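Here is the structure we will look at, set down as structure tokens.
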Amino acid sequence: MLSLHLLQSALVFINTLLVQSVLKDPAWRKKMTDADKRGLSPLFWSNANLYGTIDIDMGRRLDLDLVA
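Residue numbers for the sequence shown follow the numbering used here, beginning at 5 and rising by one.
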């Protein structure tokens with residue numbers, strides 16, 4: 005059960021970073037309506053493959069601007 009919670013937390017963290025990267029772009033912010041902004045949530049799973057084969061390239065990283 006702990007690994008499921010860890011996976012869910014990691015997905016929410018990555019989704020939060022993705023949402024933040026979209027919100028940093030002024031072009032995207034101008035396109036968003038109030039309804040779009042209300043609908044923002046890191047709790048989406050459409051980008052996750054929970055079943056099947058997952059190919060992991062440990063030599064490549066996601067291009068996310070992480071603040072150290």
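Built from N, CA and C at the ideal position, the CB exists for glycine as well. On a predicted model such as this, the values are computed, not experimentally measured, just so you know.
Proximity test, residue i beta-carbon vs the ligand COA heavy atom, cut-off 7 Å
i	result
residue 57	Among the components modelled here there is no ligand, and therefore nothing to report on the ligand COA.
Beta-carbon proximity check, residue i vs residue j, cutoff 8 Å
i	j	result
residue 47	residue 16	yes
residue 68	residue 25	yes
Local conformation of residue i per DSSP, three classes
i	result
residue 50	coil
residue 58	coil
residue 37	coil
Close-in-space but distant-in-sequence residues of the same chain around residue i (CB under 7 Å, 5 per side omitted)
i	result
residue 28	none
residue 33	27
residue 23	44 and 46
Nearest-angstrom Cα separation, counted from residue j out to residue i
i	j	result
residue 44	residue 6	27 Å
residue 72	residue 57	Unreliable positioning characterises residue 72 in this predicted model, as indicated by a pLDDT of 45, which lies under 50. A coordinate reading is not provided.
residue 52	residue 40	21 Å
residue 18	residue 64	15 Å
Residues of its chain near residue i, where Cβ-Cβ distance is below 6 Å and the 5 sequence neighbours each way are ignored
i	result
residue 20	46
Other residues of its chain near residue i: CB distance less than 8 Å, five sequence neighbours each side excluded
i	result
residue 49	15
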